[in-house]
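In order, the protein sequences belong to chains A and B. Under my numbering, think of the first position of the first sequence as 403, with each following residue one higher. Under my numbering, think of the first position of the second sequence as 345, with each following residue one higher. Okay, so here's the structure we're looking at.
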Amino acid sequence: EPEVTQTPSHQVTQMGQEVILRCVPISNHLYFYWYRQILGQKVEFLVSFYNNEISEKSEIFDDQFSVERPDGSNFTLKIRSTKLEDSAMYFCASSGDPGRSTDTQYFGPGTRLTVL
Amino acid sequence: KQEVTQIPAALSVPEGENLVLNCSFTDSAIYNLQWFRQDPGKGLTSLLLIQSSQREQTSGRLNASLDKSSGRSTLYIAASQPGDSATYLCAFSNTGGFKTIFGAGTRLFVKA
Numbered sequence: 403e404p405e406v407t408q409t410p411s412h413q414v415t416q417m418g419q420e421v422i423l424r425c426v427p428i429s430n431h432l433y434f435y436w437y438r439q440i441l442g443q444k445v446e447f448l449v450s451f452y453n454n455e456i457s458e459k460s461e462i463f464d465d466q467f468s469v470e471r472p473d474g475s476n477f478t479l480k481i482r483s484t485k486l487e488d489s490a491m492y493f494c495a496s497s498g499d500p501g502r503s504t505d506t507q508y509f510g511p512g513t514r515l516t517v518l
Numbered sequence: 345k346q347e348v349t350q351i352p353a354a355l356s357v358p359e360g361e362n363l364v365l366n367c368s369f370t371d372s373a374i375y376n377l378q379w380f381r382q383d384p385g386k387g388l389t390s391l392l393l394i395q396s397s398q399r400e401q402t403s404g405r406l407n408a409s410l411d412k413s414s415g416r417s418t419l420y421i422a423a424s425q426p427g428d429s430a431t432y433l434c435a436f437s438n439t440g441g442f443k444t445i446f447g448a449g450t451r452l453f454v455k456a
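Put into structure tokens, the structure is as follows:
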């Protein structure tokens with residue numbers, strides 16, 4: 403069964419450093435998402451991406467964040483200058499066609515980001 | 345502000361019991377509503393998705409209902425098993441389905 407994969411599983415970085423989190427969505431999906439979950443808290447929406455552009459973003463997704471689909475398979479989240487409060491589990495998800503109002507979002511296993 | 349509230353926050357039941365998890369949301373113009381399962385330290389697994397035009401969905405021992413007018417959804421789990429122990433998350437997507445808002449979840453423990 404197709405699945406969303408994410409690398410690395412755990413990333414440790416120093417405050418102020420740039421990090422890139424990588425995701426490979428399910429191959430025939432068209433919509434891509436990033437979420438984060440701070441330990442013990444809710445899953446929070448960051449951004450959705452369709453047709454090579456951002457569809458919607460939350461207030462969390464400020465200028466420090468960017469997303470890219472550099473080729474036909476990868477979807478990346480970049481944090482330019484990490485802060486301590488960016489420490490969280492970051493989940494990537496993909497879905498087929500929300501316009502049909504039928505599509506389930508499939509989540510990857512997550513990347514745990516630790517900022518020291 | 346769009347919000348999802350889940351009640352109860354935690355639930356412990358003996359094996360075999362039928363149970364109901366509740367979810368309420370603030371935006372009646374939802375696009376769809378999903379129930380997810382999350383195991384400790386793991387990702388999310390979608391259990392059921394209810395389209396805005398639907399009232400319920402069923403999968404095996406799970407049944408989810410949606411009442412948009414009252415802003416409520418329930419997840420019914422029949423004949424609970426220890427393997428059902430996990431956190432259950434309710435989430436709705438806004439018009440277009442581009443933004444999904446999650447509740448804090450109900451942590452379920454099913455005792456053998």
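Think of the CB as a built atom: it goes at the ideal place given N, C-alpha and C, for glycine as much as any other residue.
Taking the Cα of Q350 of chain B as reference, the smallest distance to any Cα among B:G440, B:Y432, B:S437, B:A456 is reached at B:Y432.
Taking K443 of chain B as reference, the option from A:L448, A:H431, A:Q408, A:L479 with the minimal CA-CA separation is A:L448. Here the stretch 353 to 363 of chain B does not lie against the stretch 488 to 498 of chain A, with fewer than 3 beta-carbon pairs under 8 angstroms apart. Remark: C-beta atoms of L515 of chain A and D488 of chain A approach each other more closely than 8 angstroms.
DSSP, read as helix, strand or coil, puts D411 of chain B in strand. In this structure L410 of chain B touches L377 of chain B by the C-beta definition: roughly 6 angstroms separates them, less than 8 angstroms.
Boundaries of the beta strand (DSSP E) around Y432 of chain B: 430 to 437.
Straight-line measurement puts the Cα of Q425 of chain B at about 30 angstroms from the Cα of Q408 of chain A.
Excluding five sequence positions before and after E400 of chain B, the CB atoms of its chain that fall closer than 8 angstroms to its own CB belong to I394, N407, A408, S409, L410, given in chain order. Closest in C-alpha terms to S397 of chain B, from the list B:S413, B:Q382, B:I445, B:T389, comes B:S413. The beta carbons of V406 of chain A and S475 of chain A sit no closer together than 8 angstroms. Between Y492 of chain A and R424 of chain A, the CB-CB gap reaches or exceeds 8 angstroms.
Put simply, the backbone Cα of V414 of chain A is about 21 angstroms away from that of I462 of chain A.
S496 of chain A: member of the beta strand (DSSP E) spanning 490 to 497, first to last residue.
Separation of F451 of chain A and S390 of chain B (C-alpha to C-alpha, rounded to the nearest whole angstrom) is 20 angstroms. Residue-level contact by beta carbon fails for Q401 of chain B and chain A, as no gap is shorter than 8 angstroms.
Residue contact with chain A for Q378 of chain B: present (Cβ-Cβ distance below 8 angstroms to some residue of chain A). Looking at B:Y420, B:T439, B:G447, the one whose alpha-carbon comes closest to that of S368 of chain B is B:G447. In this structure, T513 of chain A keeps its C-beta atom at 8 angstroms or more from the C-beta atom of P404 of chain A. Only buried fits I481 of chain A, as 16 or more other CB atoms lie within 10 angstroms of its CB. Distances from the CA of T506 of chain A to each of A:V421, A:L432, A:Q419 were compared; the closest alpha carbon is that of A:L432.
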